[in-house]
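Enquirer: Mind looking over this structure? Questions follow.
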Amino acid sequence: MTAPTVSPTRPVPAAPRAPRPSRAKVPALPPLDALDRTHQRMMEVLVALKHLVEHLADQGVDNVARREAKTICGFFANTARQHHADEEALVFPALVRGADPILVQHVLRLQQDHGWLEEDWLELAPQLHAVAEGYSWYELDTLRHGVGVFTALYHEHIALEESLIYPEARRQLAHEAAARQQRLVDQGTAGSPDAG
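Residue numbers (numbering that gives the first Met the number 0): 0 to 195.
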């Protein structure tokens, strides 16, 4: 008996695959952990920004400066802005609902910082966009000063968030989640026929 020949122009149909077993979905990164990671990246980009100013002083605008400026601009125009919006939506409300007036004052300060950081970025961005496009009309001393102010405020801002605000937000959010869970348990118990 000879084996059947397969035509080279027609593929052999594959045997049906067995279905993949179901498995639990990988949980998303908790919001505060994602915000922590953005802080780490932010610190790296702030160092890159400082190095860019030094590079401009030594080398002027070249391909290295253009690439760095483009990366830095993208980060602060997009990632940093979204990070601030996420903090305003996910972190700050739980703390403002709390009864600690000192904590509320810290949150208000951080919200004000977000406005100042945006203003600082709007002053730096045109010069950095120019570098990213290969132009050298930036004013080095003004850029150096602006980067110093911007970096110092970010360092203070992140230090306050990581030392006080994020830990307190984690506690507050955990407390609120536990209270919600307890309400669900209580509702389930109250409605059961054995309650009583």
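Even for Gly, the Cβ is constructed at its ideal location relative to N, Cα and C. This one's a predicted model, so the numbers in the text were calculated from it and none came from an experiment.
Assign residue 142 to one of two classes, buried (16 or more other C-beta atoms within 10 Å of its C-beta) or exposed (fewer than that).
Expert: Residue mapping note: residue 142 aligns to position 143 of the sequence shown, counting from 1. Result: buried.
Enquirer: If you draw a straight line from the C-alpha of residue 72 to the C-alpha of residue 17, how long is it?
Expert: Numbered from its first residue, the sequence shown carries residue 72 at position 73. Numbered from its first residue, the sequence shown carries residue 17 at position 18. For residue 72 and residue 17, the distance between alpha carbons rounds to 48 Å.
Enquirer: Please classify residue 151 as buried or exposed, where buried requires at least 16 neighbouring CB atoms within 10 angstroms.
Expert: Taking the first residue of the sequence shown as 1, we reach residue 151 at position 152. Exposed: under 16 other Cβ atoms inside 10 Å.
Enquirer: Please report the straight-line C-alpha distance between residue 109 and residue 134, rounded to a whole angstrom.
Expert: Taking the sequence shown and counting its residues from 1, the one referred to as residue 109 is at position 110. Taking the sequence shown and counting its residues from 1, the one referred to as residue 134 is at position 135. Their backbone Cα atoms lie some 35 Å apart in a straight line.
Enquirer: Take every Cβ of the stretch 165 to 183, pair it with every Cβ of the stretch 120 to 129, and state whether three or more of those distances are shorter than 8 Å.
Expert: no
Enquirer: Could you pull out every residue in the same chain whose Cβ sits closer than 7 Å to the Cβ of residue 56, ignoring the five residues on either side in sequence?
Expert: Here residue 56 refers to the residue found at position 57 when the sequence shown is read from its first residue. The beta carbon of residue 56 sits closer than 7 Å to the beta carbons of 139 from its chain, once the five residues preceding and following it are set aside; these are given in chain order.
Enquirer: Hey, could you find the ends of the alpha helix (DSSP H) residue 242 is sitting in?
Expert: It is not possible to answer for residue 242, since the shown part of the chain is limited to 0 through 195.
Enquirer: Are the Cβ atoms of residue 131 and residue 49 separated by less than 7 Å?
Expert: On the sequence shown, residue 131 is found 132 positions in, with the first residue counted as 1. On the sequence shown, residue 49 is found 50 positions in, with the first residue counted as 1. No, the pair does not count as a contact, with Cβ atoms beyond the cut-off.
Enquirer: Can you tell me whether DSSP reads residue 43 as helix, strand or coil?
Expert: Residue mapping note: residue 43 aligns to position 44 of the sequence shown, counting from 1. Secondary structure at residue 43: helix, using DSSP grouped into helix, strand and coil.
Enquirer: Could you tell me whether the stretch 179 to 189 touches the stretch 71 to 86, using the rule of 3 or more Cβ pairs below 8 Å?
Expert: no
Enquirer: Using 10 angstroms around the beta-carbon of residue 27, count the other beta-carbons present and answer buried if the total reaches 16, otherwise exposed.
Expert: Position 28 of the sequence shown, counted from the first residue, corresponds to residue 27. Caution applies to residue 27, whose pLDDT of 47 falls short of 50 and renders its modelled position unreliable; the value that the coordinates give is listed next. By the 10 Å Cβ count, residue 27 comes out exposed.
Enquirer: So, are the CB atoms of residue 119 and residue 149 less than 7 Å apart?
Expert: Taking the first residue of the sequence shown as 1, we reach residue 119 at position 120. Taking the first residue of the sequence shown as 1, we reach residue 149 at position 150. Yes, these two residues count as a Cβ contact at 7 Å.
Enquirer: Please report the residue range of the alpha helix (DSSP H) in which residue 101 lies.
Expert: For the purposes of this step, residue 101 is taken as residue 102 along the sequence shown, with counting starting at 1. Element bounds for residue 101: 100 to 131.
Enquirer: When you compare each of 146, 93, 84 to residue 45 by their alpha carbons, which one comes out closest?
Expert: As a working note, residue 45 is residue 46 in the sequence shown. Out of 146, 93, 84, 146 has the C-alpha closest to the C-alpha of residue 45.
Enquirer: Between 42, 37, 15, 59, which has its C-alpha nearest residue 136's C-alpha?
Expert: In the sequence shown, the residue the question calls residue 136 occupies position 137. For residue 136, the nearest C-alpha among the options comes from 59.
Enquirer: With respect to the alpha helix (DSSP H) encompassing residue 147, which residues constitute its N-terminal and C-terminal limits?
Expert: For the purposes of this step, residue 147 is taken as the residue at position 148 of the sequence shown. The continuous alpha helix (DSSP H) containing residue 147 extends over residues 139 to 159.
Enquirer: What three-state label does DSSP hand residue 19 in the structure shown?
Expert: Walking along the sequence shown from the start, residue 19 turns up at place 20. Looking at residue 19 - three-state DSSP - the assignment turns out to be coil, as it is neither helix nor strand.
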